[in-house]
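Under my numbering, read the sequence shown as residues -10 to 142, first letter to last. By construction, the Cβ of each residue, glycine as well, lies at the ideal position given by its N, Cα and C atoms.
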Amino acid sequence: MVLVVVMGVSGAGKTTVGSRLAAKDRIPWLCALHDILRREHLSRQDAVLACSALKKMYRHILVSGASAIESSHPEQPRENPALQILFVHLDGSVDTIAGRLEKRRGHFMPPELLKSQFDTLEPPRTPENCITVSLEKSLPEVVLEIEHAIFSG
């Protein structure tokens, strides 16, 4: 059973890659996403979720749910143990992402907001369970790198 969160700024390709692999107002949404991941975990189902997860706290909520907010000691064991999620950070330059956004039609994310997304981004780092994949690679190479991380580790 594998739980994966494909993350990155808008335009990085989260939805595209995810489908190929099969702030305060955000907290209830992140908790709901955690609950979905927990349900899939308990059902022993694989799951791929596309979500920006730009801040470390957002990723912590995806891993631990509401208890990530309520606890002043996030490393303490809980009634529901933290989910083992692989965070896949789709990483590209501002220019690469801006080019992708300019080609999109009918998407909710205006290209003018891209800078604020990069300003908000807290790239995942150890001890988070994460890999960073360059968007300079082709889609098949991106998917292969993610699959390699899933199956080797």
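Classification of residue i by the beta-carbon crowding that lies within 10 angstroms, buried from 16 upward
i, result
"Val83", "exposed"
"Lys104", "exposed"
"Arg114", "exposed"
"Ala11", "Legend: pLDDT at Ala11 = 49, less than 50; position of this residue unreliable, value from coordinates given subsequently. Result: exposed."
"Arg48", "buried"
"Phe76", "buried"
"Lys92", "exposed"
"His30", "buried"
"His78", "buried"
Residue of the options minimising C-alpha distance to residue i
i, options, result
"Asp35", "Ser41, Ile25, Ala42", "Ile25"
"Leu110", "Val(-2), Val(-7), Arg94", "Val(-2)"
"Ser123", "Val131, Pro116, Ile74", "Val131"
"His23", "Cys119, Asp14, Ile50", "Ile50"
"Arg89", "Glu125, Ile58, Ile74", "Glu125"
"Asp80", "Leu(-8), Val(-7), Val(-9), Lys3", "Lys3"
Those residues which DSSP pairs with residue i across a bridge
i, result
"Asp80", "Ser123"
"Ala39", "Val(-5)"
"Leu75", "Val(-7)"
Inter-residue CB distance, residue i and residue j (contact presumed, cutoff 8 Å)
i, j, result
"Val(-5)", "Ala55", "With 8 Å as the limit, Val(-5) and Ala55 do not qualify as a contact, their Cβ atoms being about 23 Å apart."
"Gln72", "Arg15", "Gln is not the amino acid found at residue 72; the sequence shown has Leu there. With a Cβ gap of about 18 Å, Leu72 and Arg15 do not count as contacting."
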